[in-house]
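The numbering used here applies: residue 918 is where the sequence shown begins, and numbers increase by one. See structure below.
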Amino acid sequence: AFLNENPIYTQVELAEQLGVDRAAVSRRVHGAGKIQKLGKRVSHELSRSGITRRLSACVSL
Numbered sequence: 918a919f920l921n922e923n924p925i926y927t928q929v930e931l932a933e934q935l936g937v938d939r940a941a942v943s944r945r946v947h948g949a950g951k952i953q954k955l956g957k958r959v960s961h962e963l964s965r966s967g968i969t970r971r972l973s974a975c976v977s978l
């Protein structure tokens, strides 16, 4: 819930707020399929447009 409310929290900040070890936060974030990108955590899944761009790049090679 904390991660969805404010995706710019670091793992250390989340661990302090939740009263758990940073490693526990890391496992949960990774398990949720989130990565840190541009200072915030986002889903690691590709969008349809991302898939299309990658496919177009591969075909053009």
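Note that beta-carbon positions come from the ideal geometry of N, C-alpha and C, so glycine has one too.
To the nearest whole angstrom, what separates the beta carbons of residue i and residue j, a pair I think is in contact under 8 Å?
i	j	result
Gln934	Val946	Contact doesn't hold; Cβ gap of about 14 Å is too wide.
The alpha helix (DSSP H) with residue i in it runs from where to where?
i	result
Ile968	965 to 977
Gly948	939 to 948
Note down, in chain order, each residue of its chain lying with its Cβ closer than 8 Å to the Cβ of residue i, except the 5 sequence neighbours on either side.
i	result
Ala932	Asp938, Arg939, Ala941, Val942
For residue i, I'd like the list of residues in its chain whose CB is within less than 7 Å of its CB, leaving aside the five on either flank, ordered along the chain.
i	result
Leu963	none
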